[in-house]
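Trainee: Note that the protein sequences, when read in sequence, are chains A and B. Residue numbers in the first sequence follow full-length UniProt numbering, run continuously in steps of one, and reach 248 at the last position. Residue numbers in the second sequence follow full-length UniProt numbering, run continuously in steps of one, and reach 290 at the last position. Please see the structure below; I have some questions.
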Amino acid sequence: MLQVQNLTVAYGDTPVLQDVAVTFNDGSITGIIGPNGAGKSTMIKGMLGLIKTQSGQVQLNGHDLKQFQKQIAYVEQRKALDLSFPISVFDVVMTGTYGKLGLFRQPGKAARQASLDALEQVNLSEFADRQIGQLSGGQLQRVFVARAIVQAAELIILDEPFVGIDLQSETAIMAILKQWRDQGKTIIVVHHDLNKVSHYFDDLVILNHGIVAAGPVDQVYTPENIARTFSADLSQVLFSQVGGANHD
Amino acid sequence: MTSIGKFIYALGQYDFLQSALITAIMVGVMSGIIGSFIILRGMSMMGDAISHAVLPGVAVAYMLGINVLIGASLFGILAAGLIGFVVSHSKIKTDTSIGIVFSAFYALGFILISLAESSTNLHHILFGNILAVSDTDIMTTTVVLGLVILFVVFFYKELLITSFDATYAQTYGLKVQVLHYALMLVLTLVTVSALQTVGIILVVAMLITPAATAFLWTDKLSMMLILSATIGAIASVVGLYFSYTLNWASGPAIVLVAAIFFGISFILSPKQALLPSLWKRPKAKQQVPA
Chain A
1 MLQVQNLTVA YGDTPVLQDV AVTFNDGSIT GIIGPNGAGK STMIKGMLGL
51 IKTQSGQVQL NGHDLKQFQK QIAYVEQRKA LDLSFPISVF DVVMTGTYGK
101 LGLFRQPGKA ARQASLDALE QVNLSEFADR QIGQLSGGQL QRVFVARAIV
151 QAAELIILDE PFVGIDLQSE TAIMAILKQW RDQGKTIIVV HHDLNKVSHY
201 FDDLVILNHG IVAAGPVDQV YTPENIARTF SADLSQVLFS QVGGANHD
Chain B
1 MTSIGKFIYA LGQYDFLQSA LITAIMVGVM SGIIGSFIIL RGMSMMGDAI
51 SHAVLPGVAV AYMLGINVLI GASLFGILAA GLIGFVVSHS KIKTDTSIGI
101 VFSAFYALGF ILISLAESST NLHHILFGNI LAVSDTDIMT TTVVLGLVIL
151 FVVFFYKELL ITSFDATYAQ TYGLKVQVLH YALMLVLTLV TVSALQTVGI
201 ILVVAMLITP AATAFLWTDK LSMMLILSAT IGAIASVVGL YFSYTLNWAS
251 GPAIVLVAAI FFGISFILSP KQALLPSLWK RPKAKQQVPA
């Protein structure tokens, strides 16, 4: 269980997140949705200590998250990387072993095998030797999921993993996330697309500079919450079909 | 006798030329290796800045009679720290901060050097004087080369991941900042060694040009390091030959040879370069299948 308390982040004088408190469950895929600029990525980065926070405690099973850094797999938004870097798909996946190896130890046979297996799981075995810039967006995202597999982390956080990728990759990634969930891991997904919310997630957090609502998806993903956070129009479009929140 | 024959004959005859050759090779190798990381981290400007910022350290070392490496390292790290400090404590962008700090250090170094030594020495520091390498210089350069190789071998995976995906390294707890400053320290040591061969002004060329040339030929980091070191060494030797034969300043000679290697690679290399892209038939924008 990942517990966030009292998280406040400001960029200069502009507060982005105010006093956020939220809990993420083990064995659950939690979606985070919210309008553009609501502070979704900021919340993740604040939780992980990647940016300065004004206040906040983050605890994994009652202990400071900082003690569990090697148990965190973070799949960042893709745009941040240099895709011309001289590194192959296989070697990117291998970097997943670096955290637990620590200094002065090189990845060995077991690490190589784990990386090959992970590539197999995301159906990218044949691309192992490609330079990463030669992959499509969806394939690239699967490479980073493969790296998270190799990391064998307990807490997996993905920031907008499905933006601009093909359906095949999206389905493959979703299948892995569900495997992780069934193994009891904690999975957090920042998500932009309100369709599929109720299919993909067990729990949902609606964020808009603070927590609007959080809990099981069927209690949180309601016309009222969506209308309140996004717009009444959007809520109407999403919930207009019979069957309400199960619209796909 | 051809001029190459003469050069080889002279190598057998003169100690100073042997010293020059050994130093040239070592400096080519170390700057090729460190330069690869500098360009992959998008820090070419930083490389330029640090190489200029060591000048006051060189001057102070002359004045106090201490090892140049110590003075230069102090000022190199001070400059790197100051650049980082200005960026993190204001809204000034990194390239601006670099511009301010390195020009100030350079100016200070200029004045200190002119106070401390004759202008001949200043000329050598600025443009290199490989034909006047002393035994102590060779010793120091050997130590630095050893340090560079140990640094890259021991921290290879950390250098790789922080260059490629620093945020990821940070999430698993790697001290990314410590590694950054360690790299800056190694960079200043390389800079001081390269002072002898190419001089302060052109150090950046030895860091960037062989590395960029290697980058055009390979998609593997380890191969890029080996290629870059090799190109740096060959450019240094060929440059030394021109310097000796035609009586050119060693720095510009070496740097021009390196630039020619880059030019050839730019035209011929299979990766994102000129000729292959002209050969390819113009296609509609390539769609990568899922």
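We put the CB at the ideal spot given by N, CA and C, even for glycine.
Can you name, in chain order, every residue of its own chain whose Cβ lies under 6 angstroms from the Cβ of A128 of chain A, other than the five neighbours on each side?
Mentor: Position 128 of the first sequence, counted from the start, is the residue given in the question as residue 128 of chain A. Excluding positions up to five away in sequence, the list reads V89, F90 and L119.
Trainee: Against chain A, does L11 of chain B count as a neighbour if the rule is that its beta carbon must be under 8 angstroms from one of theirs?
Mentor: Sequence index remark: in the second sequence, residue 11 of chain B carries index 11 (1-based). It does not: the Cβ of L11 of chain B has no partner Cβ on chain A nearer than 8 angstroms.
Trainee: Just tell me which of B:L78, B:A24 and B:L187 has its CA closest to the CA of M43 of chain B.
Mentor: Stepping through the second sequence from its first residue, residue 43 of chain B is reached at position 43. Nearest option by C-alpha distance: B:L187.
Trainee: How would you call N6 of chain A, buried or exposed, if buried means at least 16 neighbouring beta carbons within 10 angstroms?
Mentor: Mapped onto the first sequence, residue 6 of chain A falls at position 6. Its Cβ having fewer than 16 others within 10 Å, N6 of chain A is exposed.
Trainee: State buried or exposed for I15 of chain B, treating a residue as buried only when at least 16 other CB atoms are found within 10 Å of its CB.
Mentor: Your numbering for residue 15 of chain B matches position 15 in the second sequence. This sequence places Asp at residue 15 of chain B; Ile is not what is there. Counting Cβ neighbours within 10 Å, D15 of chain B comes out exposed, since fewer than 16 surround it.
Trainee: How about the segment 158-168 of chain A and the segment 188-195 of chain A: do they share at least three Cβ pairs that are nearer than 8 angstroms?
Mentor: The answer is yes - the segment 188-195 of chain A touches the segment 158-168 of chain A, with three or more Cβ pairs under 8 angstroms.
Trainee: Which stretch, first to last residue, makes up the alpha helix (DSSP H) that contains G244 of chain B?
Mentor: Along the second sequence, read from residue 1 onward, the residue named residue 244 of chain B stands at position 244. Note on identity: in this sequence residue 244 of chain B is Tyr, with Gly being the wrong assignment. Start and end: L221 to L246.
Trainee: When Cβ atoms are compared, which residues of the segment 151-177 of chain B fall closer than 9 angstroms to chain A?
Mentor: Answer in chain order: F154, F155, Y156, K157, E158, L160, I161, S163, F164, D165, T167, Y168, A169, Q170, T171, Y172, G173 and L174.
Trainee: The segment 80-97 of chain B: which residues have C-beta closer than 7 angstroms to a C-beta of chain A, in chain order?
Mentor: If the cut-off is 7 angstroms between Cβ atoms, the segment 80-97 of chain B has nothing near chain A.
Trainee: Secondary structure at D135 of chain B, three-state DSSP: helix, strand or coil?
Mentor: Within the second sequence, numbered from 1, the residue matching residue 135 of chain B stands at position 135. If DSSP states are grouped into helix, strand and coil, D135 of chain B belongs with the helices.
Trainee: So which residues on chain B does F85 of chain A lean against when the C-beta distance must stay under 7 angstroms?
Mentor: Mapped onto the first sequence, residue 85 of chain A falls at position 85. Neighbours of F85 of chain A on chain B, chain order: L40 and F164.
Trainee: So, does the CB of G99 of chain A fall closer than 8 angstroms to a CB anywhere in chain B?
Mentor: Position 99 of the first sequence, counted from the first residue, corresponds to residue 99 of chain A. So, interface residue.
Trainee: Just checking my contact of S236 of chain B with G28 of chain B at CB under 8 angstroms: how many whole Å lie between their CB atoms?
Mentor: If you number the second sequence from 1, residue 236 of chain B lands on position 236. If you number the second sequence from 1, residue 28 of chain B lands on position 28. Right, their Cβ atoms sit about 4 angstroms apart.
Trainee: What's the call for G35 of chain B, buried or exposed, on a 16-neighbour Cβ count within 10 Å?
Mentor: For this step, residue 35 of chain B is matched to residue 35 along the second sequence. Label assigned to G35 of chain B: buried.
Trainee: For H89 of chain B, does the three-state DSSP call read helix, strand or coil?
Mentor: As a first step, residue 89 of chain B must be located in the second sequence, where it is residue number 89. If DSSP states are grouped into helix, strand and coil, H89 of chain B belongs with coil.
Trainee: Does the Cβ of K109 of chain A have 16 or more other Cβ atoms within 10 Å, making it buried, or fewer, making it exposed?
Mentor: For the purposes of this step, residue 109 of chain A is identified with residue 109 of the first sequence, where counting begins at 1. Answer is exposed; the Cβ neighbour count stays below 16.
Trainee: Less than 8 angstroms between the CB atoms is what I'm expecting for A258 of chain B and A205 of chain B, so what's the real figure, rounded?
Mentor: Locating residue 258 of chain B in the second sequence gives position 258, counting from the first residue. Locating residue 205 of chain B in the second sequence gives position 205, counting from the first residue. Their Cβ separation, rounded to whole angstroms, is 6 angstroms, which keeps A258 of chain B and A205 of chain B in contact under 8 angstroms.
Trainee: Can you give me, in chain order, the residues of the segment 64-75 of chain B that have a beta carbon less than 8 angstroms from any beta carbon in chain A?
Mentor: Against chain A - using a Cβ distance shorter than 8 angstroms - the segment 64-75 of chain B contributes no residues.
Trainee: Helix, strand or coil, according to DSSP, for S88 of chain A in the structure here?
Mentor: In the first sequence, the residue the question calls residue 88 of chain A occupies position 88. Strand at S88 of chain A.
Trainee: Name the two residues that bound the continuous alpha helix (DSSP H) containing Y74 of chain A.
Mentor: For the purposes of this step, residue 74 of chain A is identified with residue 74 of the first sequence, where counting begins at 1. From DSSP, Y74 of chain A is part of no alpha helix (DSSP H) but of the beta strand (DSSP E) over I72 to V75.
Trainee: Rounded to the nearest angstrom, what separates I165 of chain A and Q131 of chain A at their Cα positions?
Mentor: Mapped onto the first sequence, residue 165 of chain A falls at position 165. Mapped onto the first sequence, residue 131 of chain A falls at position 131. Between I165 of chain A and Q131 of chain A, the C-alpha separation is close to 19 angstroms.
Trainee: Just confirm the distance between the C-beta atoms of Y74 of chain A and T171 of chain B, as a whole number of angstroms; I'd bet it's less than 8 angstroms.
Mentor: The residue given as residue 74 of chain A occupies position 74 in the first sequence. The residue given as residue 171 of chain B occupies position 171 in the second sequence. Between T171 of chain B and Y74 of chain A the Cβ distance is about 4 angstroms, and since that is below 8 angstroms, they are a contact.
Trainee: Measuring only between beta-carbons, confirm whether L221 of chain B sits less than 8 angstroms from chain A.
Mentor: Here the question's residue 221 of chain B lines up with position 221 in the second sequence. Closer than 8 angstroms to some Cβ of chain A, the Cβ of L221 of chain B qualifies, so yes.
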